[in-house]
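S.K.:
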Amino acid sequence: MRAVEMTRNPYIDDDLAAIAEQARRFATDRVAPGYLERDDTRVLDRTLMREMGQLGFIAPELPEAYGGQGLGSLAAGVIHEEIARADLSISYINLLASLNGQILAEHGQPGVVKPWLEKLTQGEALFAIALTEPRGGSDAANLRLRVERVADGYVINGEKTSISAADQADATVVFGRTGAVDAGAHGVTALLVPMNTPGVTTSRFDCHGQRAIGRGSIFFENAKVPLDHRLGDENKGFVQVMQGFDFSRALIGLQVLAVAQVALEEAWAYAAERQAFGKPLAAFQGVSHPLADLQTQVLAARLLCLQALWLKDHDLPHSAEAAMCKWWAPKLAYDVVHQCLLTHGHGGYDRDPMEQRLRDVLGFQIGDGTAQIMKTIIARAQAGRAAVGV
Numbered sequence: 156m157r158a159v160e161m162t163r164n165p166y167i168d169d170d171l172a173a174i175a176e177q178a179r180r181f182a183t184d185r186v187a188p189g190y191l192e193r194d195d196t197r198v199l200d201r202t203l204m205r206e207m208g209q210l211g212f213i214a215p216e217l218p219e220a221y222g223g224q225g226l227g228s229l230a231a232g233v234i235h236e237e238i239a240r241a242d243l244s245i246s247y248i249n250l251l252a253s254l255n256g257q258i259l260a261e262h263g264q265p266g267v268v269k270p271w272l273e274k275l276t277q278g279e280a281l282f283a284i285a286l287t288e289p290r291g292g293s294d295a296a297n298l299r300l301r302v303e304r305v306a307d308g309y310v311i312n313g314e315k316t317s318i319s320a321a322d323q324a325d326a327t328v329v330f331g332r333t334g335a336v337d338a339g340a341h342g343v344t345a346l347l348v349p350m351n352t353p354g355v356t357t358s359r360f361d362c363h364g365q366r367a368i369g370r371g372s373i374f375f376e377n378a379k380v381p382l383d384h385r386l387g388d389e390n391k392g393f394v395q396v397m398q399g400f401d402f403s404r405a406l407i408g409l410q411v412l413a414v415a416q417v418a419l420e421e422a423w424a425y426a427a428e429r430q431a432f433g434k435p436l437a438a439f440q441g442v443s444h445p446l447a448d449l450q451t452q453v454l455a456a457r458l459l460c461l462q463a464l465w466l467k468d469h470d471l472p473h474s475a476e477a478a479m480c481k482w483w484a485p486k487l488a489y490d491v492v493h494q495c496l497l498t499h500g501h502g503g504y505d506r507d508p509m510e511q512r513l514r515d516v517l518g519f520q521i522g523d524g525t526a527q528i529m530k531t532i533i534a535r536a537q538a539g540r541a542a543v544g545v
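Numbering of the sequence shown is given in the working numbering, commencing with residue 156 and proceeding in unit increments.
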């Protein structure tokens, strides 16, 4: 989305357009050139992360007292999508910072979380969020990782798995069970756990995509954190903290749609330049109409994501809209990149950015809430929890 296009968007004013343009220049000059290399090395570039922090691109929505700029959720969104255009894995820095930053700022002890938040916004610290367990991810309230209250803190035992940045994070927000198993979501407590805590170890998976940020397991063996590292109330962490996931779901929508949009731009350019039977490929409706169809859907889905962030900025309900973003945008982005790859023919099938984009966006149809869970959230909002039955 060029700056002139963004000014026609009802959610993007001149100030946000200027922020987005600055983020795009950085992403084009500094992030995009290493996209393929980082996929091979599976190493997240901490230098880039620090540069992003210095430019104010990490969690700009956080209050200034915590190192942010107080710019709002839409500002975070437009920066996030510009970084994602260049490298979806690097844009995880923005995603994890905004999600975890909000959790710490709203539910943590100020004296404990402020130093962490300042490091986070400066690009000096990376956070993970540890929710999923080996027995499942969608039934997040049915957790088994055990958190035991002791006199001066909490002792953690168990495993979290499929955690983004598990082996690269400096700290993680951990959800564990402090109450009875049959208490469900009301027996879960959230904790801030530095990753250098004794008893914390990690592993890394060999994933299909998003390889620079990576996924893995985090193991806790009698890992102890102080009482003041609790986030929210004991036994209420899941109910309180999970509200922040509406924000991240809208951000994920913008993240994957940015990848889809840059793929479309390249496909349109290729279709206009490549000749077949004496005409540009774009002259053949079998080529141009599928792209036109997907271009329409990308624009509509992006507006939905921006609307969800606008609602959040105005303290209005947005859970259903965020769920719509999370189920629709990842599926649409995969379909878009797939079609753009096919438009490029044999060249698109080579190991190049188009192929990597296809691998990168696929993971979001699995992680951070499946389409089925998102549609259940939407159904609850429309028909009521009692009518839906879950």
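Built from N, CA and C at the ideal position, the CB exists for glycine as well.
Going by the beta-carbon positions, is the gap between aspartate 386 and glycine 308 smaller than 7 Å?
M.R.: According to the sequence as given, residue 386 is leucine; it is not aspartate. It is not a contact, given that the beta carbons lie outside the stated cut-off.
S.K.: Hey, is the stretch 192 to 202 in contact with the stretch 175 to 182, meaning 3+ C-beta pairs nearer than 8 Å?
M.R.: Output reads no: the stretch 175 to 182 does not touch the stretch 192 to 202.
S.K.: With a cut-off of 8 Å, do at least 3 Cβ pairs link the stretch 402 to 419 to the stretch 247 to 262?
M.R.: yes
S.K.: For glycine 433 and glycine 364, what's the separation of their Cα atoms in angstroms?
M.R.: 38 Å
S.K.: Take glycine 392 and list the residues in its own chain whose beta-carbon comes closer than 7 Å to its own, dropping the five residues that flank it on each side.
M.R.: Taken in chain order, the residues that qualify are Phe330, Val343, Thr344, Ala345 and Leu386.
S.K.: Measuring straight from C-alpha to C-alpha, what distance separates histidine 444 and valine 414?
M.R.: Going from the Cα of histidine 444 to the Cα of valine 414 covers about 20 Å.
S.K.: Based on Cα-Cα distance, which residue from Val491, Gly291 and Gly371 lies nearest to aspartate 448?
M.R.: Val491
S.K.: Given arginine 99, which residues of its chain have a CB within under 7 Å of its CB, disregarding the five upstream and five downstream residues?
M.R.: Look at the range of the chain in this structure, 156 to 545, and you will see that residue 99 is not part of it.
S.K.: Report buried or exposed for arginine 304, applying the criterion of at least 16 other Cβ atoms within 10 angstroms of its Cβ.
M.R.: exposed
S.K.: Between which residues of its own chain and histidine 473 is the CB-CB distance below 6 Å, once the five residues before and five after are set aside?
M.R.: Asp401, Ala463, Leu466 and Lys467
S.K.: In chain order, what residues of the same chain lie with their CB nearer than 6 Å to the CB of alanine 285, ignoring the 5 residues before and after it?
M.R.: Lys315, Ile318, Thr327, Val329 and Ile373
S.K.: Tell me which residues share the same chain as glutamine 257 and place their Cβ nearer than 7 Å to its Cβ, disregarding the 5 neighbours each side in the sequence.
M.R.: Gly399 and Phe402
S.K.: Return the Cβ separation of alanine 426 and alanine 437 in integer angstroms, given the expectation that the two are a contact with Cβ distance under 8 Å.
M.R.: Between the beta-carbon of alanine 426 and that of alanine 437 there is about 4 Å, and that keeps the pair under the 8 Å contact cut.
S.K.: Which of the three DSSP states is assigned to isoleucine 533 in this structure?
M.R.: helix
S.K.: Are aspartate 325 and leucine 281 touching if we call contact CB-CB under 7 Å?
M.R.: Yes, Cβ-Cβ distance for aspartate 325 and leucine 281 is below 7 Å.
S.K.: Using only the alpha-carbon positions, how far apart do tyrosine 504 and leucine 243 sit?
M.R.: 19 Å
S.K.: Nearest to glycine 441 by alpha carbon, out of Ala173, Cys460 and Cys495?
M.R.: Cys495
S.K.: Is it right to say glutamine 323 is buried, meaning 16 or more other beta carbons lie within 10 angstroms of its own, or is it exposed?
M.R.: buried
S.K.: Using a threshold of 7 Å, state whether the C-beta atoms of glycine 313 and phenylalanine 375 are closer than that.
M.R.: Yes, these two residues count as a Cβ contact at 7 Å.
S.K.: Quick one: is phenylalanine 439 buried, meaning 16 or more other Cβ sit within 10 Å of its Cβ, or exposed?
M.R.: exposed
S.K.: Given that a residue counts as buried once 16 or more other Cβ atoms are within 10 Å of its Cβ, and exposed if not, what is asparagine 255?
M.R.: Classified as buried, asparagine 255 has 16 or more neighbouring CB atoms from the shown chains inside 10 Å of its CB.
S.K.: Measure the C-alpha to C-alpha separation of isoleucine 528 and proline 508 and round it to an integer number of angstroms.
M.R.: 31 Å
S.K.: Compute the Euclidean distance between the alpha carbons of threonine 525 and glycine 266, then round it to the nearest angstrom.
M.R.: 36 Å
S.K.: Please state the DSSP three-state secondary structure of proline 381.
M.R.: In the three-state scheme derived from DSSP, where H, G and I count as helix and E and B as strand, proline 381 is classed as strand.
S.K.: Counting only runs that start and end within the stretch 390 to 451, where is the alpha helix (DSSP H) found for 4 or more residues in a row?
M.R.: 392 to 396 and 400 to 428
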